[in-house]
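Asker: This is the structure I want to talk about, given as structure tokens.
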Amino acid sequence: MRSWPSSTWRGPAGVDGWDLLDGSAHVVLGPWLVHGPGGALEILDDLAGSSRLRDRGIAVVATPALIREGRFEPTLRLPRRLCRDPEPLIHKALGWMSRETGRRDEARMVAFLDRHHAELARVTVRYATERLPARERARFVRARPVSRTE
Numbered sequence: 002m003r004s005w006p007s008s009t010w011r012g013p014a015g016v017d018g019w020d021l022l023d024g025s026a027h028v029v030l031g032p033w034l035v036h037g038p039g040g041a042l043e044i045l046d047d048l049a050g051s052s053r054l055r056d057r058g059i060a061v062v063a064t065p066a067l068i069r070e071g072r073f074e075p076t077l078r079l080p081r082r083l084c085r086d087p088e089p090l091i092h093k094a095l096g097w098m099s100r101e102t103g104r105r106d107e108a109r110m111v112a113f114l115d116r117h118h119a120e121l122a123r124v125t126v127r128y129a130t131e132r133l134p135a136r137e138r139a140r141f142v143r144a145r146p147v148s149r150t151e
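Below, the structure written as structure tokens:
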């Protein structure tokens with residue numbers, strides 16, 4: 002795995018709960034993703050490919066700094082990469098970050114969902130569309146079949 006911005010978080014063995022992960026990944030890793038060295042975004046791919054739930058979760062919830070900068074592609078790439086993840090927490094986090102993308106650029110999130118909603122877990126689509134008008138939200142949720150992992 003590539004270097005982390007903080008040697009104390011390298012492992013992330015100290016991240017022992019989802020609440021801690023939600024509250025710290027975007028603070029520790031987010032600014033580094035925005036202002037770090039060239040290739041810094043590759044760490045998201047490394048983390049998303051990990052067998053450890055915490056690492057995959059960090060990849061997702063570290064992206065708000067990128068979203069605030071208008072850099073949506075790294076965040077929207079993760080649902081495609083993790084759409085078959087066995088952990089429901091990952092699908093909720095993917096929906097949450099997709100929704101945050103939609104808060105900045107609703108048209109881009111809707112276009113993403115138009116292309117990929119059938120691949121995504123139902124909970125991801127539900128979380129992503131929470132802020133959309135009811136009719137548009139229903140269009141995505143009804144079109145999404147329930148999977149075995151939900």
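Residue 2 is where the sequence shown starts when you use the working numbering, and the numbers rise one by one after that.
The beta carbon of each residue, even a glycine, is placed where N, CA and C say it ideally should be.
Whole angstroms are fine: how far does the CA of residue 59 sit from the CA of residue 28?
Answerer: The sequence position of residue 28 within the sequence shown is 27, counting from 1. The sequence position of residue 59 within the sequence shown is 58, counting from 1. Taking the straight line from one Cα to the other gives about 11 Å.
Asker: Using 8 Å for Cβ pairs, my map puts residue 125 next to residue 103. What's the rounded Cβ distance?
Answerer: Taking the first residue of the sequence shown as 1, we reach residue 125 at position 124. Taking the first residue of the sequence shown as 1, we reach residue 103 at position 102. Contact flag wrong, Cβ pair sits at about 13 Å.
Asker: State the Cα-Cα distance for the pair residue 93 and residue 78, rounded to the nearest angstrom.
Answerer: Position 92 of the sequence shown, counted from the first residue, corresponds to residue 93. Position 77 of the sequence shown, counted from the first residue, corresponds to residue 78. Cα to Cα, the separation comes out at about 15 Å.
Asker: With a threshold of 7 Å on Cβ separation, who are the neighbours of residue 131 within its own chain once the five nearest residues in sequence on each side are excluded?
Answerer: Translated into positions along the sequence shown, residue 131 becomes position 130. These residues qualify, in order along the chain: 100.
Asker: Quick one: grab the DSSP three-state call for residue 1.
Answerer: The shown model of the chain, from 2 to 151, leaves out residue 1, and the question about it has no answer.
Asker: With H, G and I counted as helix, E and B as strand and the rest as coil, what does DSSP make of residue 211?
Answerer: Residue numbering for the chain in the displayed model covers 2 to 151; residue 211 lies beyond these limits and cannot be assessed.
Asker: Compare the C-alpha of residue 133 against each of 106, 56, 72 and name the closest.
Answerer: As a first step, residue 133 is located in the sequence shown; it is residue number 132 there, counting from the start. Comparing Cα-Cα distances from residue 133 to each of 106, 56, 72, the minimum goes to 106.
Asker: Around the Cβ of residue 56, are there at least 16 other Cβ atoms within 10 angstroms (buried) or fewer (exposed)?
Answerer: Translated into the one-based positions of the sequence shown, residue 56 becomes position 55. Residue 56 should be labelled buried.
Asker: To test your reading of the DSSP string, which unbroken beta strand (DSSP E) runs of 3 or more residues are found completely within the stretch 32–67?
Answerer: Runs of the beta strand (DSSP E) inside the stretch 32–67: none found.
Asker: Does DSSP put residue 86 in a helix, in a strand, or in coil?
Answerer: As a first step, residue 86 must be located in the sequence shown, where it is residue number 85. Note: residue 86 maps to coil in three-state DSSP.
Asker: Does the beta-carbon distance from residue 31 to residue 65 come in below 7 Å?
Answerer: Counted from its first residue, the sequence shown places residue 31 at position 30. Counted from its first residue, the sequence shown places residue 65 at position 64. Cβ atoms of residue 31 and residue 65: closer than 7 Å.
Asker: Give me the Cβ distance between residue 62 and residue 26, rounded to the nearest whole Å; I'm assuming they're in contact under 8 Å.
Answerer: Within the sequence shown, numbered from 1, the residue matching residue 62 stands at position 61. Within the sequence shown, numbered from 1, the residue matching residue 26 stands at position 25. Right, the Cβ-Cβ distance comes to about 5 Å (below 8 Å), so this counts as a contact.
Asker: Please classify residue 49 as buried or exposed, where buried requires at least 16 other C-beta atoms within 10 Å of its C-beta.
Answerer: Locating residue 49 in the sequence shown gives position 48, counting from the first residue. With 16 or more Cβ atoms within 10 Å of its Cβ, residue 49 is classed as buried.
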